[in-house]
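**Q** Residue numbers 115 to 969, in the working numbering, belong to the letters of the sequence shown in order. Note that beta-carbon positions come from the ideal geometry of N, C-alpha and C, so glycine has one too. Below you will find the structure I want to go over with you.
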Amino acid sequence: MPKSKRKMELLAPVGSQEALRAAVQNGADAVYFGGKLFNARQYADNFAGEELRESVRYAHLYGVCVYVTVNTLVLNEELPGLLDYLYFLYNSEVDALIVQDLGVVYLLRTLFPDFPVHASTQMTIHNSPGVQFLENWGLSRVVLAREVSLSNISRISEKSSLELEVFVHGALCVCYSGQCLMSSMIGGRSGNRGRCAQPCRLAYTLIAEDGQEIKAPGQYLLSPRDIKMLEHLPLLAQANVASLKVEGRMKKPEYVATVIRNYRQLLDEYYAGLEQNTAFHVNNEANRELKQIFNRDFSTGYFLEKPGPQLMSYQRPNNRGIQLGRVVKFNPQTREVTISLEEPLALGDGYEIWVTKGGRIAGEIRDLKLKQKPIERAESGEVTFSILKGQPRVGDRVFKTLDRELVERARATFLSAHGPRKIPLAFTIKIREGYPVELAVKDVDGHQVSVEGKFIVEKALKHPLTEEVITQQLQRLGQTVFTLGEIDIQMEPEAKLMVPVSELNSLRREVINKIEEARLAKFRRPLLNQQEFRAGVEAVYVKLPQVKEIKNKHLKPKLAVHIGDMASLEAALESGADLIYFGGDRLRRKKGFIFNDFPAVVKACHRYGAQAVYVIPSIFHEERIEKIKKACLQAQEGGVDGFLVGNLGALQLALELGLTGIRGDYSLPIFNDFSALMLLESEIQSLTLSPELTLKQIEAFRCGGKIELECFVHGRMPLMITEHCMLGNILGKGHHEKGCPCPCTEKKYGLRDRLKMVFPIESDENCRMHIFNAKTLNLLPNIRELIHAGVGILRIEAKREEPYWVSKVVKVYQQELRRLRNADNVYQPLEESMAVLSELAPEGFTKGHYFRGVE
115 MPKSKRKMEL LAPVGSQEAL RAAVQNGADA VYFGGKLFNA RQYADNFAGE ELRESVRYAH
175 LYGVCVYVTV NTLVLNEELP GLLDYLYFLY NSEVDALIVQ DLGVVYLLRT LFPDFPVHAS
235 TQMTIHNSPG VQFLENWGLS RVVLAREVSL SNISRISEKS SLELEVFVHG ALCVCYSGQC
295 LMSSMIGGRS GNRGRCAQPC RLAYTLIAED GQEIKAPGQY LLSPRDIKML EHLPLLAQAN
355 VASLKVEGRM KKPEYVATVI RNYRQLLDEY YAGLEQNTAF HVNNEANREL KQIFNRDFST
415 GYFLEKPGPQ LMSYQRPNNR GIQLGRVVKF NPQTREVTIS LEEPLALGDG YEIWVTKGGR
475 IAGEIRDLKL KQKPIERAES GEVTFSILKG QPRVGDRVFK TLDRELVERA RATFLSAHGP
535 RKIPLAFTIK IREGYPVELA VKDVDGHQVS VEGKFIVEKA LKHPLTEEVI TQQLQRLGQT
595 VFTLGEIDIQ MEPEAKLMVP VSELNSLRRE VINKIEEARL AKFRRPLLNQ QEFRAGVEAV
655 YVKLPQVKEI KNKHLKPKLA VHIGDMASLE AALESGADLI YFGGDRLRRK KGFIFNDFPA
715 VVKACHRYGA QAVYVIPSIF HEERIEKIKK ACLQAQEGGV DGFLVGNLGA LQLALELGLT
775 GIRGDYSLPI FNDFSALMLL ESEIQSLTLS PELTLKQIEA FRCGGKIELE CFVHGRMPLM
835 ITEHCMLGNI LGKGHHEKGC PCPCTEKKYG LRDRLKMVFP IESDENCRMH IFNAKTLNLL
895 PNIRELIHAG VGILRIEAKR EEPYWVSKVV KVYQQELRRL RNADNVYQPL EESMAVLSEL
955 APEGFTKGHY FRGVE
């Protein structure tokens, strides 16, 4: 559905009050920030209570929209606090909420139907069916995954009326946002809960299965460059992007000020150029400022193509600054370094020397010489400055990591409460003898108000009122967001009238209050009273099963096995699997399944009394939709018993095709009863709960009486899925180029971290990289607790495993499940069973989050 050609919104990140002022004063159309609760940047300052209300008012006075992030997954026990928080945000006149959790979406649409909701990028929406699903649920905007190309954004826009928002500047997650479990599985800090530990910015070594270290361009193999799309604003507009989002809620306000100022300037120039038919051009200074304020090198991400090594910042995971030059001399006695300048350098600037040995030497320029004469600034030539430590060598690169002048320029926009951005007002004042003074103002957005004084204008005895005095009093607007624009003074010049200055000041204050209220009025919504809200909460909770309904514990749970090829199918069935998950994206080391295999898979499963469930790929972009549809229909015709969906696009596709037996995968993800209820109303018959839940939290689920719940019990858990093919880029010629030798098919590889843990890597048929946990999940000793928590399906993750592994693990679990059914309240697995599993997992076991939980 085509959209009107509105100007693209410039959306700024805000993590503090100073950053809010920086964003607004430098031209943001909208800002996004989090409160103290339920937001995905818990390490930012964030906003609370009255501070949040005042921040909303401040932005609205400038006509700037405010979007608050409620974009974490929410536990059942947190729902009462969440509901109170949503009520507070609604009555605080926040313009929209940015949401990840499907349960939060369900509650918002039920309790606050007129509250605009934006789908967070954490929802992993990357195709038109996913957008359509959310449109059906009443959302107004989708923040698309960063992996969606411009051509696919255009295609999605043509099929939906929803606004599309994309990240155009800042940090890039290497994993599809919302699908990363690496931070939580390694250190217990979940990115889905706002506490990502950024494992992608750590050092890793690529190794082969025999332990051989693979030479790489650097240590930071999962660290992408930052996105910068400044030069491509016309392409974004042509793709019908509604909002340009800048990443950086954890960044300093100087960063926000600099980035927003440059994007604002170039956006305005672009639209002015459309009217004047002039070419769009980005000057070198804008690029230099963006690079100087923060960069890990820049790329255009996935917007223009599927990039290779150019996506990554292998050598450095943090700010690089701008290269100043190279060391030409170092005097160890005086500690003076001489460099040949390629960029300007001044006192107070920050520097960093990338020394050949010994890491980095960083500091501030406190003295600067050119030809042995002290200077404050140099544009070029060989300059000398002192360092406190380190031994740089000739040829070492030197970078400017902080530009004092740039930082001071940025700070000037936000250090005072009222910055340089002012709204001009046109004043009209009418002064007539025998009448009260009339004062009217009109702003640039068309708001117009007027006031009338109490004092009756009279003849002056000594000092008649002058236009100069009137202007002086009306322009006293320093503590407001306004400035005096035009002024129309309607007073007969020879009348010699008198009006007290206090009357003019009073009228000015009154009219300013009224114009402020007029500007705020467009953001107002009717307040929701507490009684009505509480009644709504009670009504929505009635939709959940009562606690007594979930006490029918599963005495005979089903054992599900996710397999990767036909050989593993036979192994799983012969060993007693009840559910077979097959299909999805084929790992390149595996043969996978083709259309012709579907009837054979179904026949084999039914012969053993098992169910065959086709896995719809968790990631598929526009160009693959028809192929996915064809596979689903052929699977349906082949007699499969159901479909496993791992994203909202797959669910929407399944609903549109009329597929039956739909099951929800862990990647949806499900963290509370209302997310389960939302999917239950979408015709899903079973749900795999988030692997970040504890046993205690699983037991608290009340939807178990209406829908089958599933949990992982064994296997290497998938931690990341990324479009970046590390193996192709380091060992091959890059998966975006023809002729890649596909090293992923020759042997197994892994990433070794600083603790010597090895995370297996697999590439799939679409050259996406999958990273798996370093340890094998093993819940065999705890299957009794899982079953009594209401879990009816126990899953073994075996997609990357060999048939012998599948056979042994499935046999052990089925044997122990039989023992459990015949046991009393005390259950322990046989030592022999644990020994078999241990032999298959020399790397050791983990219990995931079932007992420790996540932050």
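Roughly how many angstroms lie between the CA atoms of SER781 and VAL245, to the nearest whole one?
**A** 17 Å
**Q** Would you kindly report the start and end of the unbroken beta strand (DSSP E) that includes GLU566?
**A** 562-570
**Q** Does the separation of the CB atoms of ALA903 and ILE812 fall below 8 Å?
**A** yes
**Q** Can you say whether PRO446 is buried or exposed, counting buried as having 16 or more other CB atoms within 10 angstroms of its CB?
**A** exposed
**Q** Can you tell me whether LEU575 is buried or exposed? The criterion is at least 16 other CB atoms within 10 Å of its CB, across all chains shown.
**A** exposed
**Q** Could you tell me whether any non-hydrogen atom of the ligand FMN is closer than 7 Å to the CB of MET948?
**A** Questions concerning the ligand FMN fall outside what the structure shown contains, since it holds no ligand whatsoever.
**Q** Applying the 10 Å Cβ sphere with the 16-neighbour rule, what's the burial state of PHE788?
**A** buried
**Q** Between which residues of its own chain and VAL571 is the CB-CB distance below 8 Å, once the five residues before and five after are set aside?
**A** ILE545, ARG546, GLU547, GLY548, TYR549, PRO550, VAL551, LEU611, MET612, VAL613
**Q** Within the same chain, show all residues whose beta-carbon is closer than 7 Å to that of ASP755, passing over the 5 residues directly before and after it, in chain order.
**A** GLN725, ALA726, VAL727, GLY775
**Q** In the DSSP assignment, what residue or residues form a beta bridge with LYS342?
**A** HIS283
**Q** Nearest to ALA322 by alpha carbon, out of GLY472, GLU860, VAL208?
**A** GLU860
**Q** Rounded to the nearest angstrom, how far is the Cβ of ALA912 from that of VAL675, given a contact under 8 Å?
**A** 6 Å
**Q** Could you name the residues that DSSP lists as bridge partners for ILE910?
**A** VAL675, HIS828
**Q** Cα-Cα, which of ARG623, ASN401, ASP382, ARG375 is closest to PHE528?
**A** ARG375
**Q** To the nearest whole angstrom, what separates the beta carbons of ALA476 and GLU519, a pair I think is in contact under 8 Å?
**A** Not really, about 19 Å apart at Cβ, beyond 8 Å.
**Q** Do you know how far the Cα of PHE734 is from the Cα of THR802?
**A** 20 Å
**Q** What residue range does the beta strand (DSSP E) around PHE147 cover?
**A** 144-148
**Q** Could you work out which residue in GLY958, GLU969, ARG866, VAL651 is closest to TYR201 when comparing CA atoms only?
**A** Scanning GLY958, GLU969, ARG866, VAL651 for the CA closest to the CA of TYR201 turns up VAL651.
**Q** Might you give, ordered along the chain, the residues of its own chain that have their beta carbon closer than 7 Å to the beta carbon of GLY533, omitting 5 neighbours on each side?
**A** ARG135, GLN139, THR527
**Q** Starting from PRO550, trace the beta strand (DSSP E) in both directions and tell me its first and last residue.
**A** From DSSP, the beta strand (DSSP E) with PRO550 extends over 550-557.
**Q** What three-state label does DSSP hand CYS289 in the structure shown?
**A** coil
**Q** Nearest to ASP463 by alpha carbon, out of ASN643, LEU516, GLN750, VAL208?
**A** Each of ASN643, LEU516, GLN750, VAL208 was checked against the Cα of ASP463, and the nearest Cα belongs to LEU516.
**Q** In the DSSP output, what is ILE626 paired with across the bridge?
**A** ILE626 pairs with nothing; no bridge assigned.
**Q** Assign ALA133 to buried or exposed, taking buried as 16 or more other Cβ atoms, counted over all protein chains shown, within 10 Å of its Cβ.
**A** buried
**Q** How far does the beta strand (DSSP E) with ALA476 in it reach, from first residue to last?
**A** Start and end: 474-478.
**Q** Does DSSP put HIS884 in a helix, a strand or coil?
**A** strand
**Q** Find the nearest neighbour of THR87 within the set GLU419, CYS881, GLY846, GLY864, judged by alpha-carbon distance.
**A** As displayed, the chain neither begins before 115 nor continues past 969, which places residue 87 out of reach and without an answer.
**Q** Mind listing, in chain order, the continuous beta strand (DSSP E) runs of no fewer than 3 residues lying wholly within the stretch 394-477?
**A** You should have 436-445, 450-455, 464-468.
**Q** Can you tell me whether PRO116 is buried or exposed, with buried defined as 16 or more other CB within 10 angstroms of its CB?
**A** The predicted position of PRO116 is uncertain, since its pLDDT is 43 and thus under 50; a value taken from the coordinates is nonetheless stated next. By the C-beta density criterion, PRO116 is exposed, having fewer than 16 other C-beta atoms within 10 angstroms.
**Q** Among GLY472, PRO367, GLY435, which one has its Cα closest to the Cα of PRO458?
**A** Considering only alpha carbons, the answer is GLY435.
**Q** So what does DSSP say about LYS483, is it helix, strand or coil?
**A** strand
**Q** Do three or more CB pairs link the stretch 343-359 to the stretch 278-295 at distances below 8 Å?
**A** Touching, yes.
**Q** What number of angstroms, rounded off, separates the C-alpha of SER275 from the C-alpha of ALA949?
**A** 57 Å
**Q** If you draw a straight line from the alpha carbon of HIS174 to that of ARG633, how long is it in whole angstroms?
**A** 7 Å
**Q** Decide yes or no for the touch test of the stretch 298-311 against the stretch 176-188: beta carbon pairs closer than 8 Å, at least 3 of them.
**A** yes
**Q** Can you tell me where the alpha helix (DSSP H) holding GLY864 begins and where it ends?
**A** Where GLY864 is concerned, there is no enclosing alpha helix (DSSP H), although the beta strand (DSSP E) it sits in stretches over 863-866.
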